Amino acid sequence: MDFLLCSYLALFLIHGETKRLINTLILAYPFHQALQIYLMQMGRPEGYLNFYPGLTSLTVPYHDLNHFFFSGHLMFTVAFFLEYWHLGWSRMSLLALFTVIIEWFMLILTR
Numbered sequence: 580m581d582f583l584l585c586s587y588l589a590l591f592l593i594h595g596e597t598k599r600l601i602n603t604l605i606l607a608y609p610f611h612q613a614l615q616i617y618l619m620q621m622g623r624p625e626g627y628l629n630f631y632p633g634l635t636s637l638t639v640p641y642h643d644l645n646h647f648f649f650s651g652h653l654m655f656t657v658a659f660f661l662e663y664w665h666l667g668w669s670r671m672s673l674l675a676l677f678t679v680i681i682e683w684f685m686l687i688l689t690r
C-alpha cells in the first residue's frame, strides 16, 4: 500500500496527467469516515491482535481502531488499480490488482 501511494505520487509529479485519483480519494475518504462514525459504531473485539510490528508505515494505522466493516485500504488499492489501468500503466495496474487480491484474501482470512 505504501509503495502504491509513493509510486503514484512520484508518477504524478513527473507526468501530472490528471488529478482524477486525487479527487476520487478526496471524495471517498469522507464517505468512509462518515460510515465509520455515524453508521457502523462497533467496539474493538475481545482478543484483538493488531499491534505495532516495529515497521513504520505511511498508510497503516497501528493505534486502536474501530472500523472492522469497511476497508479503506481496499478502497484505496482499487482506486489505484483503476487509475493505473486507465492511464495504460499495465505493470503498475497489475501490481495494484495483486495488492487488491492479497488484501481481500487477508481481510477474509483474518475476520
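Following my numbering, the numbering of the sequence shown begins with 580 at its first residue and continues without gaps. All C-beta atoms in this analysis are idealised placements derived from N, C-alpha and C, irrespective of residue type, glycine included. Source: prediction; values computed, not measured.
Starting from residue i and walking both ways along the alpha helix (DSSP H), at which residues does that stretch end?
i: T603; result: R599 to A613
i: W664; result: G651 to L666
i: L592; result: D581 to H594
Assuming residue i and residue j form a contact by the criterion Cβ under 8 Å, report the distance between their Cβ atoms to the nearest whole angstrom.
i: S672; j: W664; result: 4 Å
i: A675; j: L604; result: About 14 Å separates the two Cβ atoms, so there is no contact after all.
i: E596; j: L666; result: 7 Å
Which residues in the same chain have their Cβ closer than 7 Å to the Cβ of residue i, if we skip the five residues on either side of it in sequence?
i: V657; result: V679
Within a Cβ cutoff of 8 Å, which residues of the same chain sit near residue i, ignoring the five residues on either side of it in sequence?
i: L653; result: V679, E682, W683 and L686
For residue i, which residues in the same chain have their Cβ closer than 6 Å to its Cβ, ignoring the five residues on either side in sequence?
i: E662; result: L600
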